[in-house]
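In what follows, a structure is listed as structure tokens, so that the remarks can point back to it.
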Amino acid sequence: MTQDIVNVGILGCGAMGRELALAADSDRIPGARVTALFDIDENAIAALSADLSSSPDGYSDIDAFVAHPGVSLVVECASQAAAKAHAATVLKTGIALILMSSSAMTDPDVYAELMEAANSSGGKVIVPSGAIGGIDAIRAVEHLLESVTLTTTKLPRALTGAPGFAEWEGKEITEPTVIFDGPASDAVRLFPANVNVAATLSLAGIGPTETRVTVVADPDAPGNVHQIDASGSFGKFKFEFVNSPHPNNPKTSYLAALAAIESLRTYCDRGPRIGT
Ligand SMILES: NC(=O)c1ccc[n+]([C@@H]2O[C@H](COP(=O)([O-])OP(=O)(O)OC[C@H]3O[C@@H](n4cnc5c(N)ncnc54)[C@H](O)[C@@H]3O)[C@@H](O)[C@H]2O)c1
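Residue numbering for the sequence shown follows my numbering, beginning at 228 and increasing consecutively.
Shown next, in the form of structure tokens:
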């Protein structure tokens, strides 16, 4: 039996979008074909398009992008701002959405808007595990969770540009230094490009107000390190991920791009689907 091909739109042609599109263009995801690209940066669209055999059309207008014939799935891998601005537009058309900038969904108004758009059109929002694992276990015990904490440790240069790092910009950090300690709801506002992990974890578990986040800048960090501690009447979990930064964007873990590819592959494959 031949496999149906899913026509995919990529919203954000940076490090992750490129990785995803190249995977879909190869035999790693045989069920997907990238037919439309969207970005605010025309050069990013042109550079990616030139490397794809599927000759996708490029767009800088979101309405034209979602109207591209045959697109049934959009992968957002742009930014929190792009997700807030465009995710509902995608979902209102009934197109499914894989959302990598999960931090956008910790805003209750955005969450409600996206779910209303999806419910009214039959669209669907998929938030991949991204730069961590264990989300399946957190979801399974969600109603029994009493505490969830995330400690994220990164090289100082991976935090530059974040509003929460403003007072540290240009200063030399010579030892592990706590930059932030507080609820995930504040962390995603102060570190929008760094703590999608906090967002995904809190969306799966006890929510952004109750999930505790510590951000550490460490000049000797072995990578982007995420440690998750969760406890409740089910027992205790401890997960640690020591991720290599993506070669084209040190703020992004390589695992996040690989997780996006796996989500796309799972969406386009017949299965079997292993794990929740
Ligand atoms: N879920 C996770 O665990 C996880 C992990 C790492 C990164 N991320 C997120 O995934 C997203 C992509 O990461 P990346 O490393 O590819 O980033 P990147 O900076 O390499 O690329 C982002 C691309 O999106 C484009 N873009 C940004 N804002 C846009 C907008 N408003 N409209 C259209 N295009 C826009 C940029 O021009 C760029 O080409 C980021 O939001 C990042 O925070 C999620």
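C-beta: ideal position from N, C-alpha, C; glycine also.
My output table needs one value for residue i: the three-state DSSP class, helix, strand or coil.
{"i": "residue 450", "result": "coil"}
{"i": "residue 276", "result": "helix"}
{"i": "residue 488", "result": "helix"}
{"i": "residue 236", "result": "strand"}
{"i": "residue 260", "result": "strand"}
{"i": "residue 244", "result": "helix"}
{"i": "residue 290", "result": "helix"}
{"i": "residue 231", "result": "coil"}
{"i": "residue 320", "result": "coil"}
{"i": "residue 252", "result": "helix"}
Would the beta-carbon of residue i be found less than 7 Å away from any heavy atom of ligand 1?
{"i": "residue 473", "result": "yes"}
{"i": "residue 292", "result": "no"}
{"i": "residue 469", "result": "no"}
{"i": "residue 454", "result": "no"}
{"i": "residue 329", "result": "yes"}
{"i": "residue 352", "result": "no"}
{"i": "residue 306", "result": "yes"}
{"i": "residue 268", "result": "yes"}
{"i": "residue 314", "result": "no"}
{"i": "residue 302", "result": "no"}
{"i": "residue 332", "result": "no"}
{"i": "residue 243", "result": "yes"}
With a threshold of 8 Å between beta-carbons, can residue i be considered close to chain D, or not?
{"i": "residue 430", "result": "Considering every chain present, this structure includes no chain D. It has just one protein chain."}
Closer than 7 Å by C-beta to residue i: which residues in its own chain qualify, once you throw out the five before and the five after it? Chain order, please.
{"i": "residue 496", "result": "258"}
{"i": "residue 371", "result": "459, 460 and 461"}
{"i": "residue 279", "result": "248, 252 and 261"}
{"i": "residue 281", "result": "252, 260, 261 and 262"}
Can you list, in chain order, the residues of its chain whose CB lies under 6 Å from that of residue i, leaving out five sequence neighbours each side?
{"i": "residue 411", "result": "425, 429, 435, 438 and 440"}
{"i": "residue 313", "result": "289"}
{"i": "residue 337", "result": "311 and 331"}
Our contact map puts residue i next to residue j with C-beta atoms below 8 Å; I'd like the distance itself, whole angstroms only.
{"i": "residue 422", "j": "residue 450", "result": "Contact doesn't hold; Cβ gap of about 16 Å is too wide."}
{"i": "residue 306", "j": "residue 420", "result": "7 Å"}
{"i": "residue 442", "j": "residue 407", "result": "4 Å"}
{"i": "residue 517", "j": "residue 321", "result": "The requested residue 517 is not part of the displayed model; the chain covers only 228 to 503."}
{"i": "residue 239", "j": "residue 292", "result": "Actually they are not in contact, since the Cβ atoms of residue 239 and residue 292 sit about 11 Å apart, beyond 8 Å."}
Give me, in chain order, the residues of the same chain whose beta-carbon lies closer than 8 Å to that of residue i; leave out the 5 immediate sequence neighbours on both sides.
{"i": "residue 487", "result": "243, 246, 247, 302, 304, 325, 327, 355 and 357"}
{"i": "residue 213", "result": "Since the first residue shown for the chain is 228 and the last is 503, residue 213 is missing from the structure and cannot be characterised."}
{"i": "residue 389", "result": "417, 418, 419, 420 and 421"}
So within the stretch 322-408, which uninterrupted beta strand (DSSP E) runs reach at least 3 residues, ignoring any that extend past its ends? 323-326 and 372-381
At which residue ranges does the stretch 408-476 contain complete beta strand (DSSP E) runs of 3 or more residues, listed in the order of the chain? 439-444, 451-459 and 462-470
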